[in-house]
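See structure below.
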Amino acid sequence: MLISIVVVKGAIAYARDKRKSTKCWGWGAALVMYLIPFWDWMPTVAMHQYYCATEAGFWVYKTPEQWKKENPGVVLTEDKSTGGARIGNDENYTKTMSMNQRFVWKVEKSRPIAGLTLFRWKNEIEDKASGQAAVRRIGFSTGEGRDAYKFWLNSSECETGNETRVALIRFSESIVSANIGDAK
């Protein structure tokens, strides 16, 4: 902040010495100093709203009941293994976690626009045998996290993010517990 004040005062002094408009030079210097940290704020917010409106959502392609009808006699047991395979770096990665012998949970994080701290999150629960997604959730977040210096860019999700997250978790729980009581 102090540096910005010094730069603006310096621009005004320069304009006086050169007999130029002090208002133009002062406001111009103030705008430049403002844009140094905030240049990406408006494009990030605008693109976040755009992607949330056009791509974000929750889709069910096959319910647990439909899957059980199509796969009679298959008994699912929960996979107790921890973690999962993660491929990529912090900004772009795919993580695959086994839920049981037939389903995996895939999480993909990507950066749709280089230069903006906008991230696309795709969660899928996929049938290992067919390779088809049973459910898909897409969401968007902005910012580099809680400790980032551009804290004003942090937003956790789209407006519908919490309800789609809950729907995904409920679906995953129903897949994991689909055969409780069915095993003989």
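Residue numbering for the sequence shown follows the numbering used here, beginning at 208 and increasing consecutively.
Every residue gets a Cβ at the ideal spot worked out from N, C-alpha and C, and that includes glycine.
None of the values given here were measured: they were computed from a predicted structure.
Exposure of residue i, with buried meaning 16 or more beta-carbon neighbours within 10 Å
{"i": "A321", "result": "exposed"}
{"i": "G388", "result": "At G388 the pLDDT is 42, less than 50, meaning the model places this residue with poor confidence and gives no usable figure here."}
{"i": "W397", "result": "The chain is shown from 208 up to 391; residue 397 falls before or after that span and cannot be answered."}
{"i": "I294", "result": "exposed"}
{"i": "V215", "result": "buried"}
{"i": "A218", "result": "buried"}
{"i": "I376", "result": "exposed"}
{"i": "V373", "result": "exposed"}
{"i": "R344", "result": "buried"}
Supposed close pair residue i, residue j - CB separation, criterion 8 Å
{"i": "T251", "j": "L323", "result": "5 Å"}
{"i": "T371", "j": "G264", "result": "7 Å"}
{"i": "S379", "j": "M306", "result": "7 Å"}
For residue j and residue i, the rounded distance between their alpha carbons
{"i": "S384", "j": "W359", "result": "41 Å"}
{"i": "W246", "j": "R327", "result": "21 Å"}
{"i": "E333", "j": "F310", "result": "5 Å"}
{"i": "H255", "j": "M304", "result": "28 Å"}
{"i": "S362", "j": "T349", "result": "5 Å"}
{"i": "K391", "j": "P279", "result": "Any reading at K391 must be qualified, since the residue scores a pLDDT of 40, below 50, and its modelled position is unreliable; no value is offered."}
{"i": "E277", "j": "M249", "result": "49 Å"}
{"i": "A292", "j": "E331", "result": "15 Å"}
{"i": "I210", "j": "V342", "result": "52 Å"}
{"i": "V213", "j": "G346", "result": "42 Å"}
{"i": "A222", "j": "A253", "result": "36 Å"}
{"i": "T229", "j": "Y356", "result": "32 Å"}
{"i": "A220", "j": "L325", "result": "40 Å"}
Proximity to residue i [Cα-Cα], best of the options
{"i": "W274", "options": "W248, S337 and W266", "result": "S337"}
{"i": "C365", "options": "R223, S228, L283 and Y257", "result": "Y257"}
{"i": "A260", "options": "F378, R226, G368 and R318", "result": "G368"}
{"i": "K335", "options": "L325, Y356, R318 and K313", "result": "K313"}
{"i": "K329", "options": "A341, E315 and A340", "result": "E315"}
{"i": "V282", "options": "Q308, R318 and A355", "result": "Q308"}
{"i": "R425", "options": "E351, K227 and Y356", "result": "In the structure as shown, the chain starts at 208 and stops at 391, and residue 425 therefore has no counterpart that could be examined."}
{"i": "M208", "options": "Y268, A340, A237 and R344", "result": "A237"}
{"i": "Q339", "options": "K302, V267 and E272", "result": "V267"}
Proximity test, residue i beta-carbon vs the ligand GDP heavy atom, cut-off 7 Å
{"i": "Y221", "result": "Looking for the ligand GDP in the displayed structure turns up nothing, as the structure carries no ligands at all."}
Exercise. Three or more beta-carbon pairs under 8 Å between the region 231-245 and the region 297-309, yes or no?
Worked result: With the cut-off at 8 Å, the region 231-245 and the region 297-309 do not touch.
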